[in-house]
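Counting from 1, position 27 in the sequence shown corresponds to residue 27 in UniProt numbering; the numbering is continuous, with no gaps.
Built from N, CA and C at the ideal position, the CB exists for glycine as well.
Keep in mind it's a predicted model, so treat the numbers as computed, not measured.
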Amino acid sequence: VDLSCLTCHEKFSYFGYLVSHVNNNHPKNCLICDKCEQKFNKKRDLFSHMKNYHREGGYKCEFCPQTFSSLNILRKHKSNRHLTRCNICQLKLPSAALKQ
Numbered sequence: 001v002d003l004s005c006l007t008c009h010e011k012f013s014y015f016g017y018l019v020s021h022v023n024n025n026h027p028k029n030c031l032i033c034d035k036c037e038q039k040f041n042k043k044r045d046l047f048s049h050m051k052n053y054h055r056e057g058g059y060k061c062e063f064c065p066q067t068f069s070s071l072n073i074l075r076k077h078k079s080n081r082h083l084t085r086c087n088i089c090q091l092k093l094p095s096a097a098l099k100q
């Protein structure tokens with residue numbers, strides 16, 4: 001069975017990988033966030049993203065200009081975007097802590 005993307009012809013070993021590739025790279029109704037250029041297939045997903053990641057006010061990241069609607073989302077953002085792995089203990093820490 002040929003599991004190739006019809007758009008870019010990339011080949012896959014599993015159907016699930018092909019489906020994931022198509023959904024992430026070649027969306028049907030491509031909606032793009034005007035603040036960070038993340039892509040969405042559904043308006044509700046874009047709306048939820050805007051509400052949670054680009055809403056004015058709320059919880060501001062001290063490392064970048066982004067604001068978030070909840071403290072939990074801010075924590076996830078910081079752990080994904082602003083932590084660096086320590087070469088000594090392998091813990092993920094804020095960059096400032098690694099300099100000490």
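{"Query": "Close beta carbons around PHE12, own chain, < 6 Å, minus the five adjacent residues each side", "Result": "LEU3 and LEU18"}
{"Query": "Identity of the residues DSSP links to ARG85 by a beta bridge", "Result": "LYS92"}
{"Query": "Rounded separation between GLU5 and ASN24 - CA only", "Result": "According to the sequence as given, residue 5 is Cys; it is not Glu. If I take the Cα positions, the gap works out to 12 Å."}
{"Query": "Terminal residues of the alpha helix (DSSP H) in which HIS21 lies", "Result": "15-25"}
{"Query": "Short Cβ contact (8 Å threshold) for ARG55 with THR67", "Result": "yes"}
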